[in-house]
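For the sequence shown, UniProt numbering begins at 1 and goes up steadily by one.
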Amino acid sequence: MEIPIQYKVTKEFGILGRVTGKAKKVVPRPPPVPYTRPAGWPSREPSNVSAATQDDQNQVCPVCLTNGKDMAFNCGHMTCRQCSSRLSECPICRQRITSRLRVYA
Numbered sequence: 001m002e003i004p005i006q007y008k009v010t011k012e013f014g015i016l017g018r019v020t021g022k023a024k025k026v027v028p029r030p031p032p033v034p035y036t037r038p039a040g041w042p043s044r045e046p047s048n049v050s051a052a053t054q055d056d057q058n059q060v061c062p063v064c065l066t067n068g069k070d071m072a073f074n075c076g077h078m079t080c081r082q083c084s085s086r087l088s089e090c091p092i093c094r095q096r097i098t099s100r101l102r103v104y105a
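Laid out in structure tokens, this is it:
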């Protein structure tokens, strides 16, 4: 087995395993301070009404805004069955619709 030329050169120059001591010592930064809300700021309690409204908006067809989403396209976006029959491109991402899948809730 032949000894690689790189190993021979490092032995010749005596740089194998040598420490120069010129590297800077790296000191890690302290961890971030946890965020605390100032005492004068009022805390907002999450509203269940807005969450319910937002959930309803996510389930409504983005085309007609009345029917629920029950048809999925190959891109993953959804509309209602009535609107999907009139579409050739996804109304969200404009990708050509090649397959439709009826979704039952």
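Built from N, CA and C at the ideal position, the CB exists for glycine as well.
This structure is a prediction, so every number in the text was calculated from the model and none was measured.
Subject >> Expected contact under 8 angstroms - CB spacing of Gln-82 and Gly-68 to nearest Å >> reply: Stepping through the sequence shown from its first residue, residue 82 is reached at position 82. Stepping through the sequence shown from its first residue, residue 68 is reached at position 68. No, Gln-82 and Gly-68 are not in contact; Cβ-Cβ is about 11 angstroms, not under 8 angstroms.
Original post:
What is the DSSP secondary structure of Glu-89, reduced to helix, strand or coil?
Top reply: Within the sequence shown, residue 89 is the residue found at index 89, counting from 1. In the three-state reduction of the DSSP assignment, Glu-89 falls in the strand class.
Subject >> Distance between Gly-17 and Val-9 (C-alpha atoms, nearest Å) >> reply: For the purposes of this step, residue 9 is taken as the residue at position 9 of the sequence shown. For the purposes of this step, residue 17 is taken as the residue at position 17 of the sequence shown. Taking the straight line from one Cα to the other gives about 13 angstroms.
Subject >> Sub-9 angstroms separation of Arg-100 and Ala-72 beta-carbons >> reply: What you label residue 100 is simply residue 100 of the sequence shown in a count that begins at 1. What you label residue 72 is simply residue 72 of the sequence shown in a count that begins at 1. Cβ distance < 9 angstroms, so Arg-100 and Ala-72 count as in contact.
**OP:** Taking the CB atoms as reference points, tell me whether Cys-64 and Cys-75 lie closer together than 9 angstroms.
**Re:** Working through the sequence shown from its first residue, we reach residue 64 at position 64. Working through the sequence shown from its first residue, we reach residue 75 at position 75. For Cys-64 and Cys-75, no; Cβs fall outside 9 angstroms.
**OP:** Grab me the residues of Val-103's own chain with a C-beta within less than 8 angstroms of its C-beta, minus the 5 sequence neighbours each way, in chain order.
**Re:** Here residue 103 refers to the residue found at position 103 of the sequence shown. Here the set comprises Lys-69, Asp-70, Met-71, Ala-72 and Met-78.
Original post:
Using the C-alpha atoms, what's the distance from Arg-29 back to Arg-36?
Top reply: Counting from 1 along the sequence shown, the entry for residue 36 is found at position 36. Counting from 1 along the sequence shown, the entry for residue 29 is found at position 29. Looking at the sequence provided, one finds Thr at residue 36 rather than Arg. Roughly 21 angstroms separates the two Cα atoms.
Subject >> Secondary structure of Arg-81, DSSP reduced to three states >> reply: The residue given as residue 81 occupies position 81 in the sequence shown. In the structure shown, Arg-81 sits in a helix (DSSP, three-state: H, G or I).
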